[in-house]
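Visitor: Questions regarding the structure given below will be posed in turn.
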């Protein structure tokens, strides 16, 4: 495997994390196919952790700690000299994954930019200045005379944003003047002094300059990656991705690239975990207390219509398998419902096989895994379908009615609806869990079966406290 070494000094310990990169161009390197996928998964864990932190409204200091912990947990390498290469490879692989649609590009851009911001803030002043030079940012350090002339104005700005005053023992008195259009967020937030078309930016705010440039570069790169194409070598790191390349790589890279954006990275729920088996006699009560809204809706529609289309049967059936419904009980459960609509003979002929198939008893005998939140959210229910994510696929009126039926209070309802409007569907489900169970769920909901397990634990703890 050919690897191009970074010109920067590599970390020297296994615990080290990569230093801030700008990813201006993909390096000419080759990588093993297993590393291609694993490096991308590791970085995806970091970006998803950042996305969850941002959607939860974590403060600056909390995000800094979160990013540090995520990088240490996921972006290390057994060979310390390869840490930087892993960082670069994983970034460019995920560019391929997230360049393909506007929504994917928007998500990747937001979280890579947040990652860049936090990493830059953790660098030394020397490294920060080097990065500014590398990005060709038009900046000049204020002369002593310019600083003294602007001291009063800079002090006013510092007081307004609750920052140390320039010249104090705790403040960094290094200021740069840059064209004001280079720092639109600082201007909009009235966090800089503007004089003759220049913004006077303190060193501790200079990250805004870098973030604007980094975001602009990455945004253009994502669009170009999707539009352009170049031939790919056998295991080279590809720079472009179009339908032509997708077809060329259909048996090798395409399955990896297309699956990564919806990959579930948590525990495997294909088998019941931690809790006892579920019996048919308990299923109605458990559905009311511990099923997430997506599964509760499917369960109620099944009881009401005595039928579900294929998408609903798969989503609910695999969930029930994961929470402990054994094959014989599953067959009895589905047969009792469907026979009321289609009859026993038709059920045995057309539906029983697929239930056994889900349990690995027919066909290829694959042990199928319950659907994750990401897979459910990305589904596209049609007319007459009831599967999918209610937080994404329900109208606001129907979602409010369903949440009210679960016992969600009016105050919690508005918080949930706010997350839905901002398309934070999993966080909306997390807030629902917290509202229904009156307990926190710091890890967030990432899987319907996780919701069930956490619900059962929360209910059991309340029983034990009585």
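Numbering (UniProt numbering), first residue to last: 1 to 466.
Don't be surprised by glycine CBs; every beta carbon is placed ideally from N, CA and C.
Since this is a predicted model, take the numbers as computed values, not measurements.
#1: Whether or not the stretch 338-346 and the stretch 293-309 are in contact is what I'm after, with contact meaning three or more pairs of Cβ atoms, one per stretch, closer than 8 Å; do they touch?
#2: Using 8 Å as the threshold, is the stretch 311-318 in touch with the stretch 390-403, meaning 3 or more CB pairs across them?
#3: Quick check: what's the CA-CA separation for residue 435 versus residue 412?
#4: Around the C-beta of residue 48, are 16 or more other C-beta atoms found within 10 angstroms, so that it is buried, or is it exposed?
#5: May I ask you to report which of helix, strand or coil DSSP gives residue 63?
#6: Within this structure, are the beta carbons of residue 183 and residue 212 separated by less than 8 Å?
#7: Since residue 325 sits in a beta bridge, which residues does DSSP pair it with?
#8: With distances taken from CA atoms, which of 37, 454, 372 and 459 is nearest residue 90?
#9: Report the rounded CA-to-CA distance for residue 268 versus residue 381, giving the unit in angstroms.
#10: When you compare the CB positions of residue 386 and residue 301, do they come within less than 8 Å of one another, or not?
#11: Mind checking which residues open and close the beta strand (DSSP E) that includes residue 368?
#12: Roughly how many whole angstroms lie between the Cα atoms of residue 291 and residue 420?
#13: Using CA coordinates, which residue listed in 325, 256 and 266 is at the minimum distance from residue 286?
#14: Please report how far the alpha carbon of residue 415 lies from the alpha carbon of residue 428, in whole angstroms.
#15: Quickly, what does DSSP pair residue 202 with across the bridge? List them, please.
#16: In terms of DSSP beta bridges, what is residue 141 paired with?
#17: Note down, one range per segment and in chain order, each alpha helix (DSSP H) of at least 4 residues found wholly within the stretch 374-404.
#18: So, does the stretch 25-37 touch the stretch 71-78, judging by three or more C-beta pairs under 8 Å?
#19: Report the partner residues of residue 194 according to the DSSP bridge assignment.
#20: So, with DSSP's three-state summary, where would you put residue 186?
#21: Using only the alpha-carbon positions, how far apart do residue 117 and residue 214 sit?
#22: May I ask you to report which of helix, strand or coil DSSP gives residue 75?
#23: Got a sec, what are the start and stop residues for the alpha helix (DSSP H) residue 297 sits in?
#24: Return the CA-CA distance between residue 72 and residue 444, expressed in angstroms with no decimal places.
#25: Measure from the alpha carbon of residue 156 to the alpha carbon of each residue in 127, 191, 136 and 131, then state which is nearest.
#26: What is the residue span of the alpha helix (DSSP H) that residue 410 lies within?
Guide: If we stick to the structure as given:
#1: yes
#2: no
#3: If you number the chain shown from 1, residue 435 lands on position 435. If you number the chain shown from 1, residue 412 lands on position 412. Roughly 6 Å between the two C-alpha positions.
#4: Position 48 of the chain shown, counting from 1, holds the residue named residue 48. The residue in question, residue 48, is buried, as its Cβ has 16 or more Cβ neighbours within 10 Å.
#5: Your numbering for residue 63 matches position 63 in the chain shown. Here residue 63 sits in helix by DSSP.
#6: For the purposes of this step, residue 183 is taken as residue 183 along the chain shown, with counting starting at 1. For the purposes of this step, residue 212 is taken as residue 212 along the chain shown, with counting starting at 1. Taking 8 Å as the Cβ cut-off, residue 183 and residue 212 qualify as a contacting pair.
#7: Taking the first residue of the chain shown as position 1, residue 325 is located at position 325. Residue 325 pairs with 278.
#8: As a working note, residue 90 is residue 90 in the chain shown. Among 37, 454, 372 and 459, the Cα nearest to that of residue 90 belongs to 37.
#9: Counting from one through the chain shown, the residue named residue 268 turns up at place 268. Counting from one through the chain shown, the residue named residue 381 turns up at place 381. Approximately 25 Å, taken between the alpha carbons.
#10: Position 386 of the chain shown, counted from the first residue, corresponds to residue 386. Position 301 of the chain shown, counted from the first residue, corresponds to residue 301. Contact: yes.
#11: Within the chain shown, numbered from 1, the residue matching residue 368 stands at position 368. Per DSSP, residue 368 belongs to no beta strand (DSSP E) and is neither H nor E.
#12: Taking the chain shown and counting its residues from 1, the one referred to as residue 291 is at position 291. Taking the chain shown and counting its residues from 1, the one referred to as residue 420 is at position 420. Roughly 19 Å separates the two Cα atoms.
#13: If you number the chain shown from 1, residue 286 lands on position 286. Closest by alpha carbon: 325.
#14: Residue mapping note: residue 415 aligns to position 415 of the chain shown, counting from 1. Residue mapping note: residue 428 aligns to position 428 of the chain shown, counting from 1. Between residue 415 and residue 428, the C-alpha separation is close to 8 Å.
#15: Here residue 202 refers to the residue found at position 202 of the chain shown. In DSSP, residue 202 forms a bridge with 175.
#16: Here residue 141 refers to the residue found at position 141 of the chain shown. BP columns for residue 141 point to 176.
#17: 390-393
#18: no
#19: Position 194 of the chain shown, counting from 1, holds the residue named residue 194. Residue 194 pairs with 199.
#20: Taking the first residue of the chain shown as 1, we reach residue 186 at position 186. Of the three classes helix, strand and coil, the one that applies to residue 186 here is helix, per DSSP.
#21: Start at 1 with the first residue of the chain shown, and residue 117 comes out as number 117. Start at 1 with the first residue of the chain shown, and residue 214 comes out as number 214. Taking the straight line from one Cα to the other gives about 9 Å.
#22: To locate residue 75, count along the chain shown from 1; it is residue 75. Of the three classes helix, strand and coil, the one that applies to residue 75 here is coil, per DSSP.
#23: Sequence index remark: in the chain shown, residue 297 carries index 297 (1-based). Element bounds for residue 297: 293-305.
#24: Looking up residue 72 in the chain shown gives position 72. Looking up residue 444 in the chain shown gives position 444. Approximately 20 Å, taken between the alpha carbons.
#25: For the purposes of this step, residue 156 is identified with residue 156 of the chain shown, where counting begins at 1. The candidate whose alpha carbon is nearest that of residue 156 is 191.
#26: Here residue 410 refers to the residue found at position 410 when the chain shown is read from its first residue. Residue 410 -> alpha helix (DSSP H) spans 410-421.
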